[in-house]
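These notes concern the structure reproduced below.
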Amino acid sequence: MHKKLVILFLFTALLDVCAQNSFYLRTYREGKASMALEDYKKAEELLEIAAFGFLDYPDYLLSCRVRLALIAQITGDEDALQKHKIQVKSLRDKIGDEHIQIEDSVWRNFLILTGELQPPPPALPQDPVELRQMLQKEPDRIEVWKKYIRTLTANDQLRFRKKDLKKAIKLFPDDLFLLTTALELELNTGKKKQASVYANKILAVDPVNALANEVLGNAAASKKRYFEAKGYYYHVKYPSLPQTQGHMEDLMEWQNSVQEENKTGKSTPEETRARKKEKKEQLEKEPMLSVSAAGTDQQFFEAEQQKERKSRQQVKEPAVKQQARPTLSKLQRMVKNQPDDTELRFQLVERLLESGNLRKTKPHLTYLGQINPNSQRYLACFSQYHYMKHNYQTVIKVLSGLSELNDKSRYYLGKSYLQSQDLAQAYMHLNNIKKTAVFPGLEKEKTTLRRALNPDFDALTKIIDQWKQGMMSKDQKEKAIFDCLAKNDLYGFNRFLTMYAGEYPKDDMTLYFTARKLLLEEHFNQASDIFHRLANSGFRNHEVYFYAGYAFYKAGKPFVTKYMLEKAIEGGSKHTEEINRILSQIK
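Going from the sequence shown to the working numbering is simple: count from 1 and add 200.
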């Protein structure tokens, strides 16, 4: 009985769809057939058209979106893949996983794509010779390297192929398996110095790694550097090396002697050295002159007087000065002793960036990115680091799509656009920095950009003032945006669009102007998506069918291009000459 009801439901739904729009159902079937024949370009276009016709039929729409996601994965279109995955998630939340129109094999492939199912691992050979031959052809496959190294280790051949392990580490310097294998090999062959090198490399990737901390703790304890050894041993819960127990006992004896010395008021040599080091660092950061630096007794006397005056001022004005920042070397020690303290690590990264030491910044920045890559503080450090490395496109790629940025991130994003000669985007981001923020030369850069972007800048400023004072109607605001489009004034267009979208975030015209912006920026897939959505929702103004067809044409989708441009002709488009030119090229 239950099966009969399901069949009846499916049959009723099918009749309903057929009655409503047989064109979209036929297009859907043709898209499925094209996908089965591996004609992915045609399948993508047909399923895109069908999807817009199935907005009121979520089961069919889900089927289209799942197939489009799989096609995007096959063709390597990452942007489309992310878009379809988001849409599928939304539909699944709405109707559940009742994928009525989806075959099991298709649905399973989609679940593998999203990571909900694990794909069967590819089989690798067991013979190290075969693995070595694979690596000669594909040296960048980390899983093959790991299999090869494991096979050598199991056959006790690794010590004879040590150069292969070094080559793998050179290709993948942050891989913990390779670094740990190298560390264990050096320990087994008694090369303690080289073992310490690998241990330090491991800590740059994994600061709490027990084996690496144990190796470095033993190295420090063997040289009686017990302060340092204690910091390493903090992360060693269960010692694995035979000599560790003895070093830890030495450390305990030393700690007991320190406690005894503290009771009697005497200091151990290590404690004395530590105090001298702290005093030296304090002298480096205090604004005073020593006798040797002063040069003369008079200069030294003046320096001491200045120091005393400052001290008296501090007594009279007790309050709100912040404690002096720790020195860079002290910060590094603090992070080493408290590796889980993200605040300390952020302070260290910011200080290293101030000093321009990018090499030491990288491992700490990577560690913070693994904890919370979306935090505003991390993004600010990330953008500054890559800007200083001249990786301008990396900054743009990561930050440009984010809706919220703090002033520091926005500054380096704007500067990256400036270095990439995208003046409009550079000005937009630099101009959105708060007036209270202090960045050297910012106002001068903004003035230069304003002049370069718009010769009629004064007239544009006047319109902006009228807009902000509420002296313009909605129609007048839209006219101002269209005027900028006609003049190809991208700065004015972007500025007005931002203001318009802030006032009318859900208006169809906001979507329309956004699509026109994407078209200008050559984001044809995204632009065509919005134009098509507007057309399907009943929006018919401002040549929406023409711009939808043009966007699909530039995106290389001839089937849906033809459909949209024919609709534009039916609607009396003024762009008939351009439409005929495009149609003649896609026949």
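Positions of the beta carbon are idealized from the N, C-alpha and C atoms, including for glycine.
Secondary structure of Pro-705 (DSSP, three-state): coil. Taking the Cα positions, Ala-412 is about 11 angstroms away from Leu-376. Judged by DSSP in its simplified three-state form, Arg-533 adopts helix.
Note that the C-beta distance between Arg-695 and Leu-660 is below 9 angstroms. Per DSSP, Pro-442 is not a residue of any alpha helix (DSSP H), being assigned neither H nor E. Rounded to the nearest whole angstrom, the C-alpha separation of Gln-445 and Asn-591 is 47 angstroms.
Here Phe-713 carries a helix assignment [DSSP, helix/strand/coil]. Leu-324 has its alpha-carbon roughly 12 angstroms from the corresponding atom of Gln-333. Per DSSP, reduced to three states, the secondary structure at His-732 is helical. Here Ala-727 has Ala-715, Leu-718, Leu-719 and Ala-751 as same chain residues with Cβ atoms under 6 angstroms from its own Cβ, once five neighbours each way along the sequence are excluded.
Contact check for Ala-429 against Ala-420 passes: the beta carbons are separated by less than 9 angstroms. Counting C-beta pairs closer than 8 angstroms gives fewer than three between the segment 529–549 and the segment 362–374, which falls short of the contact rule. For His-284, the enclosing alpha helix (DSSP H) stretches over residues 278–295. The three-state secondary structure of Met-588, taken from DSSP, is helix.
Annotated three-state conformation of Met-671 is coil, per DSSP. Cys-264 and Ala-250 do touch by the CB rule: their CB atoms are close to 5 angstroms apart, below 8 angstroms.
Between Lys-634 and Asp-607 the beta-carbon gap is near 6 angstroms, inside 8 angstroms, which marks them as a contact.
DSSP places His-629 within a helical segment (H, G or I) once states are collapsed to three.
Under the rule that a run must span 4 or more residues, the alpha helix (DSSP H) segments found entirely inside the segment 230–271 read 240–253. The shortest C-alpha to C-alpha distance from Asp-293 to any of Lys-562, Asp-259 and Glu-303 is the one to Asp-259. Using a C-beta cut-off of 8 angstroms, the segment 394–404 makes contact with the segment 377–384, since at least three inter-stretch Cβ pairs fall below that distance. If you draw a straight line from the Cα of Leu-311 to the Cα of Ala-233, it is about 21 angstroms long.
When C-alpha distances from Cys-581 are compared across Asn-572, Leu-553, Thr-594 and Lys-589, the shortest belongs to Leu-553. Ile-274 sits in a helix when the DSSP states are folded into three classes. Here His-775 carries a coil assignment [DSSP, helix/strand/coil]. Taking 8 angstroms as the upper bound for CB-CB distance, Leu-268 and Glu-244 are in contact here, some 6 angstroms apart.
Three or more beta-carbon pairs separated by less than 8 angstroms are not found between the segment 674–694 and the segment 636–643, which leaves the two stretches without contact. Residue Gly-756 holds the alpha-carbon nearest to the alpha-carbon of Ile-786 among Ala-768, Gly-771 and Gly-756. The three-state reading of DSSP puts Asn-413 in helix, counting H, G and I together. Its chain contains Ile-349, Leu-352, Leu-365, Thr-381 and Leu-385 as the residues whose beta carbon lies nearer than 8 angstroms to that of Leu-358, once the 5 sequence neighbours on both sides are disregarded; these appear in chain order.
When rounded, the separation of the alpha-carbon atoms in Thr-542 and Glu-453 is 33 angstroms. For the set His-629, Leu-623 and Gln-621, the Cα lying nearest the Cα of Ser-600 is the one of His-629. For Ile-369, the uninterrupted alpha helix (DSSP H) segment begins and ends at 362–371. Leu-605 counts as buried, since at least 16 other C-beta atoms from the protein chains shown sit within 10 angstroms of its C-beta. Between Ser-616 and Val-595, the CB-CB gap stays under 9 angstroms. An exposed status is given to Gly-670, since fewer than 16 other beta-carbon atoms sit within 10 Å of its beta-carbon.
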